[in-house]
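The structure under discussion appears below in the form of structure tokens.
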Amino acid sequence: MPLGTRRSVSPLLAARCALALGGVFCLASVHAEVTDRFVLRTADGQPLGYREHSVEEIEGSRRTIRRQVITVRSEGRPTQTLEEKRIDTSLADGTVVQIERQTRVGAVRQTIRAEVGPEQIRLSRQGAGQVQSAVLARPADLRFDNGAALLARWDPKAQDEVRFSALDLSAPAIETVSYTMGGVEADGGRRVRRLTYRGDALRSISFFRIDDAGQLLGTEQPMIGSGLRLDPAKEGERFAGQVPQLIDTVRYRSPYRIPKRALDKHLRFNFERKVPSVDLVPPDTGEQRVSFPDGTVQLDVCATCGAGLPTSDGYLQQALAPTFWLETDYVPLRRAALKAARRYSNDAAVMRALVNVTIGRLETLDFAGHLSAAEVWRYRRGDCTESAALLAALGRAAGIPTKVLSGLVYSRALYHGRSHTFMPHTWVAAYVDGRWRSYDAALDGFDSTHLAFSVGDGDPRSIHAGHQVAALLETSAMTEVRQRPTD
């Protein structure tokens, strides 16, 4: 299926977001080779994979190992397996000194490593023969146990919220985690809500249940289409069963049909909040204006509706910088970007040329994994996420500030048995000729059904955030906004 067609919208939300559930902790006692196992399922119980957690005692140190295996099935392709292993190494006193995250999808392997010091964290990412480095300042309240020790001694009557800093290894970035305790449920478990923010932007939400001893009873994560569950495995149980079709788990039928003639018009989308207590603010882009009438969320989308992303010198410089996922110094990629920049006299023309470069580079539609721009260039495969990463990196390499937008897009066409559906999608905002504009190399151009819910730099968490924020909203109205005729 060519990526230049409308049918190339990405359905790979469940598998990518399943990896994000790795942030949910296991409150197991620490002994040699203790292992907890969980089965990953869709909200209606269909199995997707499993996760296991073990602790190994070594001379003078301890390794905490979290391994997760997810199975992906999409029409027309063989079943694929996504594997992730995270190893935290700590000293005898519990001080974490190193973290390593290994992922594998087929022949594609990625490794991210963090060396943890008292004041700084030095990180490196290896993939596609490239090594990227970064340094983060270590905040005083940074925790590597996902707040397990804080929760173990938390008295909700005395403290409404537990808050601390955590490391998003893949971005890499420091995030703020907030836990709030709910009531006791039918099985005796206590419900806890987990929110993760990067700055002021919501990055993830999940709900989990713990018993009186602090043991994890299960986890739920709202998602588009079908949510995700992480349930404790029964004794001897491992992942088994018929894997559901990915397309069916990550989309929902639109309550309104949008006519073809309206796709490039001014459309207004109104949403009710499913979780009113969660503060979420979609971004204003060059095409999207956000407002909150009567506590609802309203998105106006058209070619000139939005004021755009920030335009300060600092923001634009950051939108030019290389990242773990946008390797602007990858030689073949940079060569192609500079060739386009030399050929055209304005940034809009350069971006149009880079869209064509991106389309030509992706030969195989592949929903599995999360590849960086350099990996997309090398392996020539991916879906809308990889398309956006490559286009964003090409833009930056050509001297054009870019950001990666994530959210939803509307599909009128019949796609895997359904039409008129909303599905997760990712595209690019570029600062061209004095304003922010959207570019979509995975579909046949940008239209007014692109709804942005997060902004990032191609890292998994920021893309996942756009899809998850969308899952916290319920459509209440869609209208075409027309100007009154003048006399």
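Numbering (this note's numbering), first residue to last: -6 to 480. The C-beta atom is built at its ideal place from N, Cα and C for all residues, glycine as well. The model shown is predicted, which means the values in this text are computed figures rather than measured ones.
Alpha carbon of residue i to alpha carbon of residue j, nearest angstrom
i	j	result
Thr304	Arg187	32 Å
Asp306	Trp429	14 Å
Leu530	Phe31	With the chain covering only -6 through 480, there is no way to say anything about residue 530.
Gly388	Met344	7 Å
Gln152	Gly400	34 Å
Glu50	Met416	45 Å
Thr468	Thr96	36 Å
Thr189	Cys295	30 Å
Leu41	Gly362	14 Å
Lys396	Ala385	6 Å
Phe317	Thr57	24 Å
Thr472	Ala179	42 Å
Val283	Leu209	38 Å
Gly375	Asp287	41 Å
Lys253	Gln291	22 Å
Leu331	Ile393	11 Å
Gly140	Gln281	36 Å
Thr442	Ala85	54 Å
Val421	Val369	16 Å
Thr98	Gln61	Looking at the sequence itself, residue 98 is Val, so the reference to Thr does not match. For Val98 and Gln61, the distance between alpha carbons rounds to 12 Å.
Met216	Ala166	23 Å
Pro(-5)	Gln125	Residue placement at Pro(-5) cannot be trusted, given a pLDDT of 26 that sits under 50; what the coordinates show is reported in the next sentence. Answer to the nearest angstrom: the Cα atoms are 30 Å apart.
Glu168	Arg136	11 Å
Pro225	Gln214	15 Å
Val350	Asp426	20 Å
Val65	Glu77	14 Å
Tyr308	Asp452	17 Å
Ala391	Ala470	40 Å
Gly192	Ala406	38 Å
Tyr249	Ile198	27 Å
Nearest neighbour of residue i, chosen from the options [CA to CA]
i	options	result
Gln461	Val474, Ser447, Pro394	Ser447
Arg475	Lys258, Ala142, Tyr372	Lys258
Ala329	Gln291, Leu383, Ser284, Ala312	Leu383
Leu326	Tyr372, Asp287, Thr289, Phe360	Tyr372
Ala194	Tyr172, Pro275, Arg146	Pro275
Lys227	Glu45, Asn339, Phe439	Glu45
Asp277	Thr297, Glu368, Ser412, Val271	Thr297
Ser47	Gln113, Thr82, Gln39	Thr82
Gln39	Val350, Gly220, Leu309, Val324	Gly220
Glu154	Leu162, Tyr308, Ser171, Ile167	Ser171
Arg146	Gly192, Asp205, Gly176	Asp205
Tyr323	Gln123, Ala333, Val425, Leu302	Gln123
Lys150	Ala166, Met174, Glu320, Ile167	Met174
Arg354	Thr289, Ala159, Glu379	Glu379
Val185	Ala36, Asp148, Ala159	Asp148
Leu302	Gly279, Ala334, Gln310, Ser199	Gly279
Beta-carbon proximity of residue i to residue j, cut-off 7 Å
i	j	result
Arg59	Arg79	yes
Ala463	Arg196	no
Phe264	Leu466	yes
Ala445	Tyr432	no
Thr92	Leu75	First, the residue type needs correcting, since residue 92 is Ile and not Thr in the sequence shown. No. Outside cutoff.
Tyr403	Ile251	yes
Val109	Val90	yes
Arg131	Ile105	no
Asp134	Phe157	yes
Leu256	Asp450	no
Gln381	Thr419	According to the sequence as given, residue 381 is Ala; it is not Gln. Cβ distance < 7 Å, so Ala381 and Thr419 count as in contact.
Assumed close pair residue i, residue j - CB separation to whole angstroms, cut-off 8 Å
i	j	result
Ser365	Ala164	Actually they are not in contact, since the Cβ atoms of Ser365 and Ala164 sit about 12 Å apart, beyond 8 Å.
Ala435	Cys377	4 Å
Gly218	Val243	5 Å
Arg454	Asp272	Not a contact, Cβ separation roughly 18 Å.
Ile203	Gly182	6 Å
Arg246	Thr414	5 Å
Asp482	Arg261	The displayed coordinates of the chain run from -6 to 480. Any statement about residue 482 would go beyond what the structure contains.
C-beta neighbour in chain D for residue i, strict 7 Å
i	result
Ser197	Absent from the structure is chain D; it holds one protein chain and no more.
### Message
If we require 3 or more residues per run, which beta strand (DSSP E) segments fall completely within the region 394 to 449?
### Response
395 to 404, 414 to 425, 428 to 432, 444 to 449
### Query
At which residue ranges does the region 79 to 132 contain complete beta strand (DSSP E) runs of 3 or more residues, listed in the order of the chain?
89 to 98, 101 to 109, 113 to 120, 123 to 130
### Message
Just to confirm the assignment: which complete alpha helix (DSSP H) runs, minimum length 4, are found wholly within the region 304 to 362?
### Response
306 to 311, 324 to 336, 340 to 354
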